[in-house]
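4 is the number of the first residue of the sequence shown in this note's numbering; add one for each residue after it. Heads up, the thing below is written out as structure tokens.
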Amino acid sequence: MLGRGLPIDCASMFLADVGADVVMVEDPGSGPAIDEVDPVIDGLGYQRLAFCRNKRSVALRASDAAELEVIHRLLDWADVVLYDSANPIGRNLAGVLRRLATHRPELITCDGSTWGSFGERAGWAGNDLMLQASAGCMDLTGEADDPPTRAGASIFDFVSGTYVAIAVLAAIFRRQTAGAGQRIEVAGYDTAVTLLSNMASAYFATGEHRSRLGTGHISIFPYNAFRTSDGEIVIAIFTQAFWSKFCVGIGRPDLLENPRYKTIPDRMRAKDELSAILDALFLQRTTDEWSAILQEADVPYGPVLPVGRALSLDQTTHRGMTPTMAGLSRPVRMIGSPLRFLLSDGSTYHPAARRAPRVGEHDPASILSPSDAQPESSGQ
Numbered sequence: 004m005l006g007r008g009l010p011i012d013c014a015s016m017f018l019a020d021v022g023a024d025v026v027m028v029e030d031p032g033s034g035p036a037i038d039e040v041d042p043v044i045d046g047l048g049y050q051r052l053a054f055c056r057n058k059r060s061v062a063l064r065a066s067d068a069a070e071l072e073v074i075h076r077l078l079d080w081a082d083v084v085l086y087d088s089a090n091p092i093g094r095n096l097a098g099v100l101r102r103l104a105t106h107r108p109e110l111i112t113c114d115g116s117t118w119g120s121f122g123e124r125a126g127w128a129g130n131d132l133m134l135q136a137s138a139g140c141m142d143l144t145g146e147a148d149d150p151p152t153r154a155g156a157s158i159f160d161f162v163s164g165t166y167v168a169i170a171v172l173a174a175i176f177r178r179q180t181a182g183a184g185q186r187i188e189v190a191g192y193d194t195a196v197t198l199l200s201n202m203a204s205a206y207f208a209t210g211e212h213r214s215r216l217g218t219g220h221i222s223i224f225p226y227n228a229f230r231t232s233d234g235e236i237v238i239a240i241f242t243q244a245f246w247s248k249f250c251v252g253i254g255r256p257d258l259l260e261n262p263r264y265k266t267i268p269d270r271m272r273a274k275d276e277l278s279a280i281l282d283a284l285f286l287q288r289t290t291d292e293w294s295a296i297l298q299e300a301d302v303p304y305g306p307v308l309p310v311g312r313a314l315s316l317d318q319t320t321h322r323g324m325t326p327t328m329a330g331l332s333r334p335v336r337m338i339g340s341p342l343r344f345l346l347s348d349g350s351t352y353h354p355a356a357r358r359a360p361r362v363g364e365h366d367p368a369s370i371l372s373p374s375d376a377q378p379e380s381s382g383q
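Okay, structure coming up:
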């Protein structure tokens, strides 16, 4: 992995979780500034801790002839190379990668830049925020009468990283059958556009621009958040069966008899009046009380929780999603892998979380030594 960038950080983390030997080639002193932002634990920024687990790091400058030679040796060692062509080290070594592919046809390379290698914005600087804005997704986020809002989580970096990981795994599978590697490009912008999904389909079908709806849905109601007496709760009544269960569960079976609310399109047309009824009803009980009622009714719902409560839910802890990171001066919990594998012998494999390395923590010589070389594991 040449340099840094959240999409390739995410992709390489996903691959490391399932056994890839990921080596980050980092230029000391020119890493992401976010690595240095508080909170910092044992010299490791929270962003690095979050996205660089289960990897190794070597510090090498492409501008130094001797260190560049070591980078070339690492490229010869690797069988998959991830890079961002807009990142200095990725940009400087793009030509090397193209030449390398001529005498190592089995090599797989993947460029995970923000804008891709062609198009009017090719080579531009960019990140998750630019993608949210430029792909039309920010205009869909927020309340109808408020300005566009950034999504709280870095969704687009994760989606781009997921696509990069999928592409790499597909190329590895093809190499096993065809014997050849591939050059792959996954532009963050392209992956952001894919998230428009049903919104794009609606636009192409009607030509109508539909903007922000808060927590609502363009074609389903009720499918949004409601205020309770002490918080908020979301419900998603997207089938007729759920509508029936919902009305009975909340103590309003009479709503089932009203012809204005009979079907989903009917409820959308009567959204304002039905919303007024439900708004008043939900304010009469606490979030916990409504949760118990909706759980009993067997309809989709969820309390709107702050981050701390979400991370302490039994569902979160019981599934091992906040493991304690080893190798730090004090116990620190981090987000773990969502992958679980049920093996043929009945056992379960859940990827462990090894702390992120410091820049240059590992010696290139140990990585390149015969005892540490492939072919049993893949190097990146």
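Think of the CB as a built atom: it goes at the ideal place given N, C-alpha and C, for glycine as much as any other residue.
The C-alpha of residue 44 is placed about 40 Å away from the C-alpha of residue 121.
Of the candidates 355, 300, 304, 355 places its Cα closest to the Cα of residue 327. In the three-state scheme derived from DSSP, where H, G and I count as helix and E and B as strand, residue 112 is classed as strand.
By the 16-neighbour rule on beta-carbons within 10 angstroms, residue 108 is exposed.
Remark: C-beta atoms of residue 47 and residue 361 approach each other more closely than 8 Å. Scanning the region 202 to 267 from its first residue to its last, the whole alpha helix (DSSP H) runs of 4-plus residues come out as 243 to 252.
Contact annotation: residue 291 and residue 248 have beta-carbon atoms that are not nearer than 8 Å.
In the three-state reduction of the DSSP assignment, residue 24 falls in the strand class.
Boundaries cannot be given for residue 125, as no alpha helix (DSSP H) includes it and DSSP labels it neither H nor E.
DSSP places residue 72 inside the alpha helix (DSSP H), whose first and last residues are 68 to 80. According to DSSP, residue 60 shares a beta bridge with 27.
A residue is called buried when at least 16 other Cβ atoms come within 10 angstroms of its Cβ; residue 176 does not meet this threshold and is exposed. By the Cβ neighbour-count rule, residue 349 is exposed, with fewer than 16 other Cβ atoms within 10 Å of its own.
Residue 81 and residue 332 have their C-alpha atoms roughly 32 Å apart.
Counting other Cβ atoms within 10 Å of its Cβ, residue 56 reaches 16 or more and is therefore classed as buried.
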